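Visitor:
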Amino acid sequence: MDLPSFSSQTTVVTDEWELCNDDGFIYKREKRRHVLTMKQWEALENALKSMQEKALDFQFQQQERRKSREKEEEKGIASFSGSENIDKDKKDNDFGSLVDELLLLYYCEIIRIFLEAQEMVIHNVSNLCDMAEAVCDEQEQQMKQSYFDLHVWALLCDEASLKVWKLRSFAGYIFSR
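Going by numbering that gives the first Met the number 0, the sequence shown opens with residue 0, and the numbers climb by one from there.
1) Classify residue 30 as helix, strand or coil using the three-state DSSP reduction.
2) By DSSP, does residue 21 sit in helix, in strand, or in coil?
3) Can you tell which of 18, 17, 16, 26 has the C-alpha that lies nearest to the C-alpha of residue 143?
4) In the DSSP output, which residue or residues are listed as bridge partners for residue 16?
5) What is the DSSP secondary structure of residue 99, counted as helix, strand or coil?
6) Measuring only the C-alpha atoms, how far is residue 69 from residue 119?
7) If you compare alpha carbons, which of 28, 112, 36, 58 is closest to residue 128?
8) Three-state secondary structure (DSSP) at residue 148?
9) Less than 8 Å between the CB atoms is what I'm expecting for residue 47 and residue 149, so what's the real figure, rounded?
10) Report, in whole angstroms, the separation of the C-beta atoms of residue 50 and residue 121, which I expect to be a contact under 8 Å.
11) Take residue 100 and list the residues in its own chain whose beta-carbon comes closer than 8 Å to its own, dropping the five residues that flank it on each side.
12) Less than 8 Å between the CB atoms is what I'm expecting for residue 42 and residue 107, so what's the real figure, rounded?
13) Which one of 44, 97, 102 has the shortest CA to CA distance from residue 65?
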């Protein structure tokens, strides 16, 4: 027959409750909330990484476009009359790409500020969860202790001590003969 393990173990029962084994004392409690917060934070980090990758891709594309325009200018493919149109298009494209870059920088800065604020909020909520968990653990320990301090347990211990004393007395009587 296997004896139960008397270590602190936790088994998940549902999404909101978990079954705990604390030194043989088995009870059900609400699932830890900060685990969900950490998962949400990981999702935000992944979203930030993908946005940063998109921003880098966009910057790379802008650089490639500039390089290709510079190469076209160096080759002097266009004629004199066509070069005026190319210069006008180039100025329009440069202005458009400059606006795009400024907008990209602006949005990246907004996202960075937003994520820093989210990080502070998540950190504060995590600290609150840790404090609430500590308070709950303390209340749980007090509740367990109140059950262990019940008079019934003292009686059982007294009866067991009495039986041990009787066995020792009887054994002493037998061996003394």
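Each residue gets a CB set at the ideal place from its N, CA and C atoms; glycine is no exception.
Just so it is clear, the structure is predicted and the values come from calculations on it, not from any experiment.
Guide: Let me spell this out:
1) Position 31 of the sequence shown, counting from 1, holds the residue named residue 30. In this structure, residue 30 counts as coil in the three-state DSSP scheme.
2) Along the sequence shown, one-based indexing puts residue 21 at 22. Strand.
3) Numbered from its first residue, the sequence shown carries residue 143 at position 144. Taking only the C-alpha atoms, the option nearest residue 143 is 26.
4) On the sequence shown, position 17 is the one that residue 16 refers to. In the DSSP output, where bridge partners are listed per residue, residue 16 has 29.
5) Residue 99 sits at position 100 when you count from the first residue of the sequence shown. Residue state, collapsed to three classes: helix.
6) What you label residue 69 is simply residue 70 of the sequence shown in a count that begins at 1. What you label residue 119 is simply residue 120 of the sequence shown in a count that begins at 1. Here the C-alpha atom of residue 69 lies approximately 45 Å from the C-alpha atom of residue 119.
7) Along the sequence shown, read from residue 1 onward, the residue named residue 128 stands at position 129. The shortest C-alpha to C-alpha distance from residue 128 to any of 28, 112, 36, 58 is the one to 36.
8) Residue 148 sits at position 149 when you count from the first residue of the sequence shown. Three-state DSSP puts residue 148 in coil, outside helix and strand.
9) In the sequence shown, counting from the first residue as 1, residue 47 sits at position 48. In the sequence shown, counting from the first residue as 1, residue 149 sits at position 150. With a contact defined as Cβ atoms closer than 8 Å, residue 47 and residue 149 miss out at about 54 Å.
10) If you number the sequence shown from 1, residue 50 lands on position 51. If you number the sequence shown from 1, residue 121 lands on position 122. Incorrect: roughly 18 Å between the Cβ atoms, too far for contact.
11) Position 101 of the sequence shown, counted from the start, is the residue given in the question as residue 100. Counting only Cβ-Cβ distances below 8 Å, and skipping sequence neighbours, we find 58, 61.
12) Within the sequence shown, residue 42 is the residue found at index 43, counting from 1. Within the sequence shown, residue 107 is the residue found at index 108, counting from 1. Not really, about 19 Å apart at Cβ, beyond 8 Å.
13) In the sequence shown, residue 65 corresponds to position 66, counting from 1. Of the candidates 44, 97, 102, the one whose C-alpha sits nearest the C-alpha of residue 65 is 97.
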